[in-house]
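Structure, as structure tokens:
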Amino acid sequence: MLTVKNLEVVYNDVILVLRGVSMTVPEGQIVALLGANGAGKTTLLRALSGLLDIHDGAITKGEVRLRDTPIQGFDAPKIVAAGLGQVLEGRRVFSEFTVEENLRVGGHTRRGGLAEGIEEVYELFPVLKERRKNTAGYLSGGEQQMLAMGRALVAQPEILLLDEPSLGLAPRIVAQIKDIIVQINERGTTVLLVEQNATMALSIAQHGYVMEHGKIVMDRPAAELLDDEDIRDFYLGRGDLATSYRDIKHYKRRKRWLS
Amino acid sequence: MTMLRTAPSTRGRKSTGVRGRPLLRTSYEQDLTLANTGAKRRGVVALVIASFVVPFLLADDLLQVLALGMISAVGAIGLNLVTGYAGQVSLGHAFFIGVGAYTGAVLGGDPDGAMLGYGLPMWIWLPAAGVVAAVAGLIVGPLAVRLRGLYLAIVTLGLVFLGDHIFREARDITGGPGVGRRGAELELFGIDFASIEPISGLTRGQAQFFLALVFLIIFAILGRNIARSGVGRAFGAVRDRDVAAAVIGVDLTKYKVMAFAMSSFFAGVTGALYYAVIGVFEPGAFSLLLSIQYLAMVLIGGVATISGSIMGALFIALLPRISQFIAHYVPDGLLTVFQLEAILYGLLIMGFLIFEPRGLFGIWTRIRNYWKGWPFSY
Amino acid sequence: MSEPVVSVRGVELAFSGVKALQGVDFDVFDNELFAVIGPNGAGKTSIFNVLSGVYRPQQGSVEFAGSDIRGMRPHQIANLGMARTFQNIELFENLDVVDNLMLGRHAHLGYGWAAAVAWFGKAKRAEVANRRRVEEIIDFLEIEGYRQLPVGMLPYGIQKRIELGRALAMEPKLLLLDEPVAGMNGEETEDMARFILDIRNELRIPMILVEHDMGLVMDLADRVMAMDFGKPVATGTPHEVQSHPDVIRAYLGPVDEATLAEVQGELA
Amino acid sequence: MTTFLQSVLNGFAQGSIYALLALGYVMIYKATHVISFAQPALMVCGGLFGYHATSEWGLSFWPALIVAVLMGAVLGMLVERLALRPMVGKPVFTLAIITIGVDIVLRILANRYMGPDPRSVPYPSGSQRLEFWGLSISQQRLGLIVVTAVTVAALALFFRYAKTGLAMRATALNQETALAQGIRVGTMFALAWAIAGGLAAIAGTFVAATGAGMEQNTWIIALKALPAIIIGGLDSIPGAVIGGLAVGLVESITAVFQPDVAPWLGNNFALVAPYALMFLVLLVKPYGLFGTKEVERV
Amino acid sequence: RSGGDDESSAGPGITEEACPDAVNKDNGCIYLGVISDLTKGPFAPLAVPITDAQKAFWKKVNDDGGVGGYDVNIEKYIADAEYNPEIHNKKYQEMRNDILALGQTLGSSQTLAILEDMKADNVIGVPASWNSAWDFEDQIMQSGASYCFEAMNGVDWAVQERGVKDKVLAIHYPNDYGGDAAAGVEAAAKANNLDFTSVETATGQDNQAGAVAAVLKQKPDLLYITTGPAEMATILGGAAAQGWKGTVVGSSPTWNPALLKTEAAPALQAMYFQAGPWGPWGTDSPGHDAMRKALADVKSPSDGYTAGWVWEYPLLAALKSAADMDGGVTRENVVKAASELESVDYEGMLPDESFNKNGEPEKVAWRQSVISKVDPKAPTGVSITKEMAAGPTAEGFDYKEPCFALQG
Ligand SMILES: Nc1ncnc2c1ncn2[C@@H]1O[C@H](COP(=O)(O)OP(=O)(O)OP(=O)(O)O)[C@@H](O)[C@H]1O
Ligand SMILES: Nc1ncnc2c1ncn2[C@@H]1O[C@H](COP(=O)(O)OP(=O)(O)OP(=O)(O)O)[C@@H](O)[C@H]1O
Ligand SMILES: [Mg+2]
Ligand SMILES: [Mg+2]
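Chains A, E, B, S and C, in that order, give the protein sequences. The first sequence begins at 422 in this note's numbering and counts up one residue at a time. The second sequence begins at 19 in this note's numbering and counts up one residue at a time. The third sequence begins at 150 in this note's numbering and counts up one residue at a time. The fourth sequence begins at 8 in this note's numbering and counts up one residue at a time. The fifth sequence begins at 5 in this note's numbering and counts up one residue at a time.
Encoded structure:
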């Protein structure tokens with residue numbers, strides 16, 4: 422159980438990015454967090470996992486609790502040790518390492534059974550096994566994304582924060598990732614999923630939050646969000662009814678429906 | 019290469035954007051001028067006026083320190099071009115400064131002295147020193163095309179050692195270690211800037227100060243021109259992402275070599291003038307330490323800013339005085355006042371970088387933005 | 150059809166063991182929007198890298214704008230009129246938006262270092278003229294508000310747009326787009342789609358598009374090439390390619406005949 | 008021929024010192040991607056620790072060496088904690104300049120301790136030499152070669168089998184990602200500096216046991232390790248060793264033969280010969296002999 | 005800025021007001037400057053004792069009542085120039101209005117860097133070196149024989165006393181110091197019909213491989229070294245370890261008593277001799293006694309102290325004689341007094357007539373020096389083995405110009 426209360430985050434002492442965010446990620450659930458580019462999703466994840474100060478950011482107000490322990494003062498290694506793992510946005514593999522070394526670093530906090538952990542990842546992503554001795558930086562974009570995901574899994578976190586795991590993946594792999602998330606969730610891992618691919622996220626999440634300009638503007642069960650017209654319009658693009666992209670009208674300007 | 023990629027230019031600009039007070043421009047020309055706001059223009063004018071008043075308020079020895087600081091500022095601008103703007107970290111600046119110093123000394127040196135000297139006038143030896151150093155830079159540039167980051171840094175450091183060897187051995191030109199030679203004759207428009215006799219009412223310190231000031235103003239403008247033109251932009255592209263730069267049509271080899279050549283030109287003229295003012299110098303002057311000092315000027319002043327280079331150079335020039343000043347207020351017990359001074363020199367450089375990693379320029383922008391935003395804080 | 154803008158023949162590219170491209174052939178014609186699709190690691194980005202001179206293929210020929218560009222260096226190819234965007238944004242983060250776009254115009258500046266040092270005169274005039282062109286692009290892409298901001302701190306979606314802008318600033322004869330809508334939500338994807346259409350219709354620049362968003366590809370592309378394991382498996386109209394069994398396999402993994410028929414039916 | 012073999016042997020022995028020093032640089036580079044210009048000062052301090060342990064505390068050489076290593080490690084950690092930790096995440100060249108500040112400060116303090124006199128650490132067998140085939144080498148140098156070999160082996164094993172070794176390298180590649188894997192970045196830095204301090208102390212103690220001992224100008228030796236690490240590749244342990252030995256050999260052979268073979272290269276060309284070798288190596292291999300190539304991919 | 009602003013009274017560097025912490029409160033004050041190498045530079049180990057001895061020298065002068073109604077202060081204007089001509093110049097500019105003369109200016113190119121200004125300012129200076137070039141400069145007051153004569157005497161002595169008859173090798177720094185000495189060795193080798201070769205070497209113990217190889221290859225009877233102590237010990241130790249035997253004579257800066265604690269000690273005892281301008285610390289003379297008393301606190305004596313002390317005598321003499329001139333102590337009078345001095349009271353540390361500026365160097369330059377041997381019982385590890393004398397080479401040397409030209 423991860424709870425966030427009234428969180429405020431400021432970058433460089435001046436840029437207020439999160440303005441009082443509250444949310445709950447209940448034990449054993451998948452929670453989706455949606456929001457336009459720049460809404461502050463990544464910032465929220467950084468605040469949860471203690472990676473803000475590297476970016477000159479700081480929590481100025483509010484509280485983060487992991488199973489009743491306030492963790493907002495902790496540094497990242499301590500939080501990871503407490504069982505919270507994160508897949509960073511944008512395939513942050515260690516480029517100069519081989520695929521296998523990346524996975525081994527991922528298991529830094531894992532107690533024992535590193536080889537098995539890595540083997541499990543290879544089962545999930547057979548490409549990685551083929552490329553195990555290759556330099557990670559030369560993998561294709563999608564392969565790197567798989568590696569980033571796999572690396573987080575080796576650590577066997579209790580709570581997993583995923584920042585856009587489907588970015589740049591082919592449809593087949595997206596489906597696969599989706600299955601993997603469900604699978605690890607079934608094994609007892611709580612998941613907080615940040616996604617632009619809202620269809621995918623909401624179809625597996627129990628609950629969803631929508632973030633806009635550093636605030637939570639919607640907080641509903643995932644199924645309801647999936648049916649919400651605005652959400653469909655904004656995140657899912659043209660639903661089944663929409664016309665081809667070719668017919669998009671030029672006068673259609675970007676609008677925000679809230680705030 | 020990410021080595022010197024600094025945080026995107028700072029709090030300052032960010033808050034301008036966020037707080038949004040778009041400065042109204044009516045033409046692109048206006049946007050492109052050097053001092054593109056009224057405040058900046060007034061600031062520059064005030065600064066120039068102040069610089070012309072300073073010499074009448076300070077003692078000669080301090081003026082000479084400032085003059086030398088201004089001359090080395092040109093070298094710092096040069097280093098900033100290659101290292102700050104183009105991202106090619108060079109620890110070889112001392113070598114190019116040395117090449118300039120000896121070119122100047124040979125061309126402008128006393129023809130009757132013990133060392134080689136042709137006694138040419140300053141308007142020849144000064145630019146020639148730049149040109150010869152730039153040619154040396156052209157030769158070294160291609161190394162930069164192959165190497166990256168610290169490898170490049172250490173290789174350019176190797177240049178300093180090789181240069182040191184050459185300077186030691188070329189005794190007809192350099193006098194050799196422990197002996198040294200005289201710099202070029204400091205005479206321009208019939209004024210001898212090295213003479214101890216007052217020159218039309220100015221002391222030597224004042225005269226040299228003005229000489230250095232004019233020199234600095236000219237080269238600062240040249241530096242700024244490079245930085246704001248397509249060349250400067252291409253440097254930035256090469257620094258931040260060289261593959262992307264190539265793919266949008268920037269010839270990496272050409273610009274890396276150009277950065278080295280331009281930087282060396284600045285180093286060359288600095289070397290020639292600096293050691294002409296100093297008088298006597300020996301090969302040991304162009305050591306690793308000198309390179310490091312210039313790198314410190316750039317880092318302390320602020321990477322990829324011209325005004326930062328100037329501030330950094332003045333700071334490094336004044337640093338011995340500052341540490342001297344502080345050291346004399348600390349009672350000497352365990353350490354002598356000189357050891358204290360030397361330690362303070364180290365500590366001040368460290369302290370500066372630790373507490374203000376964006377450099378003097380960063381402090382300056384912060385102050386400026388504070389007043390811009392006044393009386394609103396976020 | 151007219152002369153192809155770019156024509157790729159028998160390109161082979163391998164990296165110590167990994168065969169990234171094998172026997173790749175295709176042409177792109179004037180005013181055409183050519184899409185390349187395929188699973189991750191299929192070699193799509195590698196094609197772009199070969200085209201723009203970042204990789205040098207071991208075999209095959211690449212002809213662009215009438216010259217054989219195999220072996221040319223990236224900036225030479227760029228100066229021939231090839232522009233691209235990158236899968237991972239490759240903007241100059243420390244520079245502001247205007248400078249990034251001005252860099253796109255690097256080849257068009259038309260003054261050398263000497264003029265730059267002197268500034269007044271030629272350099273200044275060229276800067277102003279090019280700045281004007283850049284403003285047109287800013288206008289076109291609706292990024293007026295960000296002009297003076299360092300791009301590093303802009304939202305992802307805007308950065309993608311600026312990257313497109315930088316490529317456009319080059320006034321290219323061919324534009325390569327690598328996953329332009331990855332990581333974007335529905336609305337942003339629509340915006341991007343609109344720009345792509347505008348580029349096609351107003352600027353008439355032929356494009357090669359790599360994208361995993363099938364909806365977008367199928368809607369926009371004139372022709373599609375599907376790849377798997379570095380080889381083209383099908384080339385044709387979106388409709389033809391979409392229902393090609395090898396393509397479906399590449400995207401869905403091994404499927405039995407029944408599912409294949411079902412999917413084909415769905416697509417039809 | 009004997010002259011040649013003897014100069015090879017001398018170069019090898021001297022190269023061991025460079026190898027130890029080079030390893031110190033490599034350790035810090037591996038964890039932080041910074042070249043530490045404080046290595047010379049750490050070496051001087053390490054040698055003085057050895058001196059203090061022998062002459063003030065009356066220890067004999069080997070226990071004194073261990074004491075010096077421990078103190079060197081502590082000093083390394085202190086430096087990291089006080090001067091470098093606040094700078095985590097800042098551009099590496101800023102950090103490099105900070106290490107120069109550290110070097111200045113430490114060296115002044117060391118000079119203060121040393122005073123005008125060279126300080127030397129007595130080696131058990133004094134200046135006895137081992138003679139064979141017309142060649143000779145001092146026992147002290149042999150000891151040095153053995154110690155270097157053992158240290159290198161230990162470090163290589165550490166990096167191969169301990170996950171800390173991998174974590175250290177990961178830290179250097181990307182601090183944020185490393186943090187996100189639960190790696191204690193600060194600990195890695197401290198560890199790297201501690202190892203570097205210890206290695207510098209071994210080198211320093213042996214330098215102090217050689218010739219005239221440790222004096223105020225001895226720090227310069229540590230700069231010879233710079234071409235060594237470039238020749239070997241900045242982040243490679245075998246590279247540091249091979250680079251160090253190469254520098255020692257080139258220097259020794261040039262010193263002996265260049266004055267006759269190539270007098271036109273000038274006096275004391277041996278001093279810059281390592282740099283000449285460095286240029287040659289880099290022309291062929293831009294990341295040194297064993298350095299990791301930086302990945303560039305778009 | 006203070007100190008010299010009383011120009012109305014007696015000119016720069018001299019005040020009617022008492023010195024800070026004056027011994028004689030009624031005396032005025034003369035300020036002497038020191039520009040030395042006190043922290044990081046290569047000569048810091050030598051320069052610190054030199055400077056301390058000079059402080060002690062003037063303290064003793066003050067204790068004895070001062071000079072012509074003035075106390076002398078050499079503590080207020082001390083600068084560390086790190087052996088760098090540029091800093092040297094800057095430091096001089098800082099103190100040029102505040103001092104009467106330079107009690108010490110260390111280094112040759114360093115001193116040259118300020119010489120013109122010194123001349124323009126009428127400031128005389130005491131060098132911290134024994135360079136033949138200074139015999140030709142009016143405003144530089146040098147004591148004892150130059151490195152050049154010292155080297156001639158060393159070679160002559162070795163020929164007479166150590167049976168050297170074949171080959172002499174000079175290993176030297178490439179600078180003013182090594183160059184001056186090497187020129188002397190060459191002259192003496194020629195005069196004695198010896199085979200002469202010279203090898204330049206660099207600073208740093210680790211850079212002596214070439215020098216050692218040269219010794220082993222040439223196998224000279226006599227090795228004359230002008231380096232620092234550590235380098236000398238490395239070369240000598242290294243060559244001896246590999247079987248070379250012969251005589252080594254080093255210029256005075258090659259010695260440091262702490263070398264006797266290093267692994268090179270046995271070889272040093274067997275082969276090393278030091279050529280020096282005067283007797284080492286432990287020598288018996290009134291001046292040496294006075295020095296030892298004044299520096300009683302010094303824990304490890306070295307001949308840096310001796311040198312620093314001796315060098316100040318001519319300056320004291322010049323001040324004394326200026327005090328008797330019209331106008332008293334002023335810069336001009338001190339310059340004039342110095343150039344007219346024909347002898348200086350060295351209290352027995354050097355013969356009085358050894359200092360003479362009044363005449364052509366050919367006639368007045370001092371050519372005598374001493375040779376010391378290693379003596380572990382002596383306070384600085386060496387004691388005199390041959391008293392003050394000039395060998396035949398030095399005696400007959402045609403001294404029209406410096407042995408080693410500094411630049412003009
Ligand atoms: N290091 C930083 N310094 C200053 N501002 C930042 C920093 N990082 C992010 N921001 C700003 O904070 C806001 C929120 O950014 P964040 O990365 O959290 O958004 P996001 O919701 O994850 O967007 P995306 O979908 O593009 O990943 C943006 O406006 C961004 O410009
Ligand atoms: N420089 C390189 N060195 C080694 N292998 C490489 C290199 N570049 C690409 N590859 C390999 O070539 C294959 C094709 O890569 P490419 O980037 O072209 O794939 P892609 O089709 O763009 O995939 P994605 O959709 O995931 O971006 C991958 O397996 C990759 O690992
Ligand atoms: Mg994000
Ligand atoms: Mg790709």
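Every residue gets a Cβ at the ideal spot worked out from N, C-alpha and C, and that includes glycine.
S:Val-51 vs S:Gly-211 beta-carbon contact at 8 Å: For the purposes of this step, residue 51 of chain S is identified with residue 44 of the fourth sequence, where counting begins at 1. For the purposes of this step, residue 211 of chain S is identified with residue 204 of the fourth sequence, where counting begins at 1. It is a contact, given that the beta carbons lie within the stated cut-off.
S:Leu-252 classed as buried or exposed, judged by whether at least 16 other C-beta atoms fall within 10 angstroms: By one-based count along the fourth sequence, residue 252 of chain S stands at place 245. Burial state of S:Leu-252 is buried, judged by a 10 Å Cβ sphere holding 16 or more other Cβ atoms.
Residue ranges of each beta strand (DSSP E) within the stretch 29-68 of chain C, 3 or longer: Listed in chain order, they are 32-40.
Nearest-angstrom beta carbon gap, C:Ser-289 and C:Gly-148 [assumed within contact, 8 Å]: If you number the fifth sequence from 1, residue 148 of chain C lands on position 144. If you number the fifth sequence from 1, residue 289 of chain C lands on position 285. Taking a contact as a CB-CB distance under 8 Å, the pair C:Gly-148 and C:Ser-289 does not count as one, their CB atoms being some 14 Å apart.
Paired residues, beta bridge with C:Asp-199 - DSSP: Walking along the fifth sequence from the start, residue 199 of chain C turns up at place 195. C:Asp-199 is bridged to C:Lys-171.
CA-to-CA distance, C:Lys-377 to C:Ile-229, given in whole angstroms: Here residue 229 of chain C is taken as the residue at index 225 of the fifth sequence, counted from 1. Here residue 377 of chain C is taken as the residue at index 373 of the fifth sequence, counted from 1. Roughly 15 Å between the two C-alpha positions.
Which listed residue (E:Ile-318, E:Phe-304, E:Gly-330) has its alpha carbon closest to that of S:Thr-101: Here residue 101 of chain S refers to the residue found at position 94 of the fourth sequence. When each option's Cα is compared against that of S:Thr-101, the closest is E:Ile-318.
Under 7 Å (Cβ pairs) to chain S, residues found in the stretch 470-502 of chain A: When CB distances to chain S are screened at a threshold of 7 Å, the residues of the stretch 470-502 of chain A falling below it are Ser-470, Leu-472, Ile-475, Ala-497, Pro-498, Val-501, Ala-502, in chain order.
Residues within the stretch 238-256 of chain C neighbouring chain S, beta-carbon criterion of under 7 Å: The residues in question are Thr-238, Gly-241, Ala-245, Gln-246.
B:Leu-313: first and last residue of the uninterrupted beta strand (DSSP E) it sits in: As a working note, residue 313 of chain B is residue 164 in the third sequence. Unbroken run through B:Leu-313 is the alpha helix (DSSP H), 305-318; no beta strand (DSSP E).
Within-8 Å CB hit, A:Arg-512 to chain S: Taking the first sequence and counting its residues from 1, one reaches residue 512 of chain A at position 91. False, the Cβ-Cβ gap to chain S never drops below 8 Å.
Stretch pair the stretch 143-157 of chain S + the stretch 533-550 of chain A: three plus CB contacts closer than 8 Å: No, the stretch 143-157 of chain S is not in contact with the stretch 533-550 of chain A.
Which listed residue (C:Thr-19, C:Gly-400, C:Glu-86) has its alpha carbon closest to that of E:Pro-338: The residue given as residue 338 of chain E occupies position 320 in the second sequence. Nearest option by C-alpha distance: C:Glu-86.
Same chain, Cβ closer than 7 Å to C:Pro-233, neighbours up to 5 away in sequence not counted: Taking the first residue of the fifth sequence as position 1, residue 233 of chain C is located at position 229. These residues qualify, in order along the chain: Thr-258, Trp-259, Asn-260, Leu-263.
Pick from A:Ser-443, A:Gly-456, A:Phe-495 that is closest to B:Tyr-305, judged by C-alpha positions: For the purposes of this step, residue 305 of chain B is identified with residue 156 of the third sequence, where counting begins at 1. Closest option to B:Tyr-305, Cα to Cα, is A:Gly-456.
Partners in chain G for A:Phe-515, counting only beta-carbon separations shorter than 7 Å: No chain G appears in this structure, whose protein chains are A, E, B, S and C.
Cutoff 8 Å: A:Ser-624 Cβ touching any chain B Cβ: As a first step, residue 624 of chain A must be located in the first sequence, where it is residue number 203. Chain B places no beta carbon closer than 8 Å to that of A:Ser-624, leaving this residue out of the contacts.
Straight-line Cα distance separating S:Ala-38 from B:Phe-289: Numbered from its first residue, the third sequence carries residue 289 of chain B at position 140. Numbered from its first residue, the fourth sequence carries residue 38 of chain S at position 31. Approximately 46 Å between the Cα atoms of the pair.
Chain-order list of residues whose beta-carbon lies under 7 Å from that of E:Gly-302 (same chain, five-residue window excluded): Here residue 302 of chain E is taken as the residue at index 284 of the second sequence, counted from 1. Spatial neighbours of E:Gly-302 in its own chain (CB-CB distance under 7 Å, excluding positions within 5 residues in sequence) are listed in chain order as Pro-195.
Burial state of S:Tyr-274 (16 or more Cβ within 10 Å): Indexing the fourth sequence from 1 puts residue 274 of chain S at position 267. Checking the sequence, you will find Asn at residue 274 of chain S rather than Tyr. Flag for S:Asn-274 reads buried.
For A:Arg-525, three-class secondary structure by DSSP: Locating residue 525 of chain A in the first sequence gives position 104, counting from the first residue. Helix.
Any non-hydrogen atom of ligand 3 within 7 Å of A:Lys-462 CB: Numbered from 1 along the first sequence, position 41 holds the residue referred to as residue 462 of chain A. Indeed, a heavy atom of ligand 3 lies less than 7 Å from the Cβ.
Min CB distance C:Pro-178 to chain E below 8 Å: Walking along the fifth sequence from the start, residue 178 of chain C turns up at place 174. Yes, C:Pro-178 counts as interfacial toward chain E.
Neighbour list for A:Ala-457 in chain B, Cβ cutoff strictly below 7 Å: As a first step, residue 457 of chain A is located in the first sequence; it is residue number 36 there, counting from the start. Per Cβ cutoff of 7 Å: Asn-334.
Close beta carbons around A:Gly-558, own chain, < 6 Å, minus the five adjacent residues each side: Along the first sequence, read from residue 1 onward, the residue named residue 558 of chain A stands at position 137. Answer for A:Gly-558: Ser-516, listed in chain order.
Burial state of S:Ala-26 (16 or more Cβ within 10 Å): The residue given as residue 26 of chain S occupies position 19 in the fourth sequence. Buried, because 16 or more other Cβ atoms sit within 10 Å of the Cβ of S:Ala-26.
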